[in-house]
Amino acid sequence: MFYREAGQFKTNYKDDQAVFPILQDRLAIGLFLIVAFVAIPYFGNDFFINSMMIPFLIFSLAAIGLNILTGYTGQISLGTGAFMGVGAYSCYKMTSIFPDVNIIILIVGSGCFSAVIGMIFGLPSLRIKGFYLVVTTLAAQFFLEWCFITIGWLYNYNDSGAIEVPQREMFGIIVTGASATPVTRYLVVLSIVVVMTWVASNIIRGRIGRAWMMIRDMDIAAELMGVRPLQAKISAFAVSSFYAGVAGAMMVFLWLGAAEVESFDVNHSFLILFMVVLGGLGSLLGSFMGAAFITLLPIVLGAIPGILGLHINAAALEHVKFMIIGALIIFFLIMEPHGLARLWAIGKQKLRVWPFPY
Amino acid sequence: MDLLYNIFVDPFVQMAGTPDFFLQVLWEGFVTGTLYSLIALGFVLIFKASGVFNFAQGIMVVFAALSLVGFHALGVPAYLALFLALAVMAALAWTVERVILRKLVNQPEIILFMATIGLSYFLIGLGEFIFGGEPKSMITEELGLPTGSTVIDVAGGIVILQHIDIAAALIAAILVLGLAIFFSKTRIGRALRAVADDHQAALSVGISLNQIWAIVWFAAGIVALATGIMWGARSDVSFALQIVALKALPVLILGGFTSVPGAIIGGLIIGFGEKLFEVYWGSLLGGGVEGWFAYVLALIFLLFRPQGLFGEKIIERV
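Just so you know, the protein sequences line up as chains B and A, in that order.
The first sequence begins at 1 in my numbering and counts up by one.
The second sequence begins at 359 in my numbering and counts up by one.
Structural data, given as structure tokens:
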């Protein structure tokens, strides 16, 4: 009754092809952005912002990156963690080589490095697909992990082997480093994520994105219809790794503050793949929903025994978390293989025809 | 020039100079290769019969070994514990078929693959919850496996062969032979191959998919238990094995996803290659190359022969 497009007439192509053609959608997004940019920094406490919102946004960006590759182009990848690492380490190197350059430029620029690495490891995708590709991306994962440990130049030969974030200011406000406030970091992360999501949605709607989806649906047919597999697949790898790289740089610079190789191990690649599949393959909204689910679930699970007044020791709780995450993944795959985004679409359809069943 | 010498000449000089050490490295490679082959065998069994890429094979190995050790720790005699561990694997196979596979028939491959990742997460949690996360030693002696070692004099030096490694190679050979006979001679084996060829055609001649899947997962469970015992005897039983088990993937790439002999030969190639590369060339790169060598080898291999050594050539049509 309230949510329907009846009566909203489009009089030119521009309106018709807008990202959000329905008025209610535009209002909802506007409201969301106001909540995210104004209400959360104003009302949220440090724990909420630092342990929930920032990781959620960063992993959303990484999930968008993987979704571009897996959901839109159909190439499975287990190397996301390592590509995030490339972003983080290159950002770290750049901050030590160019200390005066604005940190935001460096964070976004570090995505370019991981894009190049991603393109190199994406080359085999021209000849192989499916699980074979999983192995080549795993090669990227383990090889890059080894590079992060062995090549001392990457972490400036410090003894711990970890990269630590230097303090950087922007317009007189401390953005990175130990003394940056969570709210500042949150706002920076949020801005980058919003802009990059907007860019991603436009790439996907455009010629490049359509080429990706044709490759996903049937690559030989796409080739016959004039899509060049080389350009389509490699560009997907590049854009995907770019997003992962920026997410990795943000993860270290705006969330963790310091990182070792373990922050980019294969488990993170799995987690991000979970986010994409649970959220919905081929859906930007799904990337956000999947990231929210996977990042917030452990926090919620950790809080439940306390609320119920049970005393479970920390180790057992950790194991139970693993079990619940595993079981929930299987449950979701059985119940809704198209992910949370599909549930959302069903809900929207129901709203549209409400109060009638059809 | 120096670099070229270090890459192309020096390792071979070393190999020729100390042949006993070279043989020892080869033996190590052979043993590691056997273990990779065993893990890969578990993958191939399930992939052949259900088209599911079972990511949980690695954790199944850990889980089988842990339940064996766990039962023994409760005071159950070793052989009975072995039997009980098999029962656990059978129960697991039945549950997986019932709860996961049956519900996910006809879903795309990636969904099934994700489900097995979910399964492996669940099993990691369950295993740590029941048995605790710390490494445990395998009950090698109680199972009647040999422990000593034989020293052989070769070319002015010695090569040490651990008896447990010889036993591992023998057991692997027996398993492979047994599986080969099972696949080609028995009724169930033929049914398995029929399912692997074409699900629908198999159904139409009256083969029960559900039953076949449970059997195949149980067979993979048996392989997992054997692998777990052998691996546990060499190092401890710990969850770290799960990452090692990922190396079965490049093994499968080399051998081809559907070929049992391919899994064996692929495993051996990776085992030999990894050890030789680590010992003779690894120091040039700063060591620790074992972690990625297998994957990079598979990656390079894929560029030239995407279907693997023994895989069927993939022909695609629009």
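Using N, Cα and C, we set each Cβ at its ideal position, and we do this for glycine too.
Please read all numbers here as calculations on a predicted model, not as lab measurements.
Between Ile570 of chain A and Leu550 of chain A, is the Cβ-Cβ spacing less than 7 Å?
yes
Kindly indicate which residue of A:Leu403, A:Leu528, A:Gln600 has the alpha-carbon position closest to the one of Leu477 of chain A.
A:Gln600
Simplified DSSP assignment, three categories, for Glu336 of chain B:
coil
Given a threshold of 16 other Cβ atoms within 10 Å of its Cβ, counted over all protein chains shown, does Lys406 of chain A qualify as buried or as exposed?
buried
Report the rounded CA-to-CA distance for Val116 of chain B versus Val108 of chain B, giving the unit in angstroms.
14 Å
If the cut is a Cβ gap below 8 Å, which residues of chain A does Leu333 of chain B touch?
Leu462, Gln465, Ile469, Met472, Ala473, Gly476
DSSP three-state call for Met53 of chain B: helix, strand or coil?
helix
With 7 Å as the threshold, decide whether the Cβ of His319 of chain B is near any Cβ in chain A.
yes
Go through the stretch 154-218 of chain B residue by residue and report every complete run of the alpha helix (DSSP H) that reaches 4 residues or more, in order.
182-205, 207-217
Taking the straight line between their C-alpha atoms, what separation do you get for Ala606 of chain A and Tyr358 of chain B?
50 Å
Counting only Cβ-Cβ distances shorter than 7 Å, please list the residues of the stretch 165-199 of chain B near chain A, keeping chain order.
none
Trp354 of chain B: first and last residue of the uninterrupted alpha helix (DSSP H) it sits in
From DSSP, Trp354 of chain B is part of no alpha helix (DSSP H); its letter is neither H nor E.
Which residue spans inside the stretch 362-437 of chain A form an unbroken beta strand (DSSP E) run of at least 3?
none
Taking its Cβ as the centre, do 16 or more other Cβ atoms sit within 10 Å of Gln558 of chain A, making it buried, or is it exposed?
exposed
What residues in its chain sit with their C-beta under 7 Å from that of Pro504 of chain A, if we drop five residues either side in the sequence?
His521, Ile522, Ala525
Thr474 of chain A in three-state terms, based on DSSP
helix
Alpha carbon to alpha carbon, what distance is there between His319 of chain B and Gly564 of chain A?
42 Å
Buried or exposed, going by whether 16 or more other CB atoms sit within 10 Å of the CB of Met196 of chain B?
buried
Alpha helix (DSSP H) runs wholly inside the stretch 216-291 of chain B, at least 4 long, in chain order
219-224, 229-250, 266-279
Whole-angstrom C-beta distance between Lys321 of chain B and Pro298 of chain B, which should lie under 8 Å
6 Å
Could you name the residues that DSSP lists as bridge partners for Thr295 of chain B?
None, per the DSSP bridge assignment.
When you compare the stretch 175-184 of chain B with the stretch 156-167 of chain B, are there three or more beta-carbon pairs, one atom per stretch, that lie closer than 8 Å?
yes
Suppose you measure from the CA of Trp354 of chain B to the CA of Tyr72 of chain B; what does that come to, to the nearest Å?
31 Å
For Thr508 of chain A, write down the residues that DSSP places opposite it in a beta bridge.
A:Leu519
With 8 Å as the limit, tell me which residues of the stretch 646-657 of chain A have their beta carbon closer than that to any beta carbon of chain B; keep them in chain order.
Gly646, Val647, Gly649, Trp650, Tyr653, Val654, Ala656, Leu657
So which residues of chain A does Gly326 of chain B contact, with C-beta pairs closer than 9 Å?
Ile475, Gly476, Leu477, Ser478, Tyr479, Phe480, Leu481, Ile482, Gly483, Leu484
If the criterion is Cβ atoms closer than 7 Å, does the pair Val86 of chain B and Gly245 of chain B meet it?
yes
For Ile518 of chain A and Gln382 of chain A, which I take to be in contact (beta-carbon distance under 8 Å), what is that distance rounded to the nearest angstrom?
7 Å
Whether Ser60 of chain B touches Phe288 of chain B by CB criterion (7 Å)
yes
Which residue comes first and which comes last in the alpha helix (DSSP H) that contains Lys14 of chain B?
13-16
Please determine, among A:Arg548, A:Val420, A:Leu604, the residue with the shortest C-alpha to C-alpha distance to Glu648 of chain A.
A:Leu604
Do Pro619 of chain A and Ala656 of chain A have their C-beta atoms within less than 7 Å of each other?
no
Beta-carbon neighbours of Leu424 of chain A, restricted to chain B and to distances below 9 Å
The premise fails here: Leu424 of chain A is roughly 13 Å from chain B at the closest Cβ pair, so nothing lies under 9 Å.
Opening and closing residue of the alpha helix (DSSP H) in which Glu648 of chain A lies:
648-662
Distance between Leu351 of chain B and Lys10 of chain B (C-alpha atoms, nearest Å)
22 Å
Between the stretch 628-637 of chain A and the stretch 385-396 of chain A, do at least 3 Cβ pairs fall closer than 8 Å?
yes
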